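Engineer: Structure incoming, see below.
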Amino acid sequence: MDLGFWDVISWIVFGLIAGAIARLLVPGKQAIGWIMTILLGIAGSFVGGFLFSLLPFGRPAGDFSPTNLIGSIIGAVVLLLIYIYATKKR
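In structure tokens, the structure reads:
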């Protein structure tokens with residue numbers, strides 16, 4: 205797979221969008237910055253996009269579609285909740 209400059213930029217922008225929406229959906233204050241939000245969104249895109257691609261109505265992972273965007277956001281929300289739980293002070 206040959207990733208060009210614009211492919212990397214599109215992953216970063218898509219990760220920022222998915223991560224920012226996930227942060228808006230999860231209540232409370234998350235102590236993460238923009239870089240972590242982008243990484244959260246990119247990781248959520250992998251997790252959610254892959255899982256949604258397995259469903260009958262899903263599109264192949266990597267294709268831009270509303271279904272994959274929703275899957276990416278759900279994946280980012282799940283990862284954000286795991287991050288919050290793992291870093292919570294007891």
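Using the working numbering, you'd call the opening residue of the sequence shown number 205 and step up by one each time.
The beta carbon of each residue, even a glycine, is placed where N, CA and C say it ideally should be.
Quick caveat, the model's predicted, so the values are computed rather than measured.
#1: State the start and end residues of the unbroken alpha helix (DSSP H) segment that holds L255.
#2: Looking at the secondary structure, which residues open and close the alpha helix (DSSP H) in which P270 lies?
#3: I need the straight-line Cα distance from S249 to A224, nearest angstrom please.
#4: For I242, tell me which candidate among P260, F218 and V251 has the shortest Cα-Cα distance.
#5: Note down the Cα distance separating A226 from I277, rounded to an integer number of angstroms.
#6: How big is the Cα-Cα spacing for I216 and I246?
Structural biologist: Once the coordinates are examined:
#1: For L255, the enclosing alpha helix (DSSP H) has its first and last residue at W238 to S257.
#2: Here the alpha helix (DSSP H) through P270 covers P270 to T291.
#3: Taking the CA atoms as reference points, S249 sits about 12 Å from A224.
#4: Closest by alpha carbon: F218.
#5: Approximately 6 Å, taken between the alpha carbons.
#6: Taking the Cα positions, I216 is about 7 Å away from I246.
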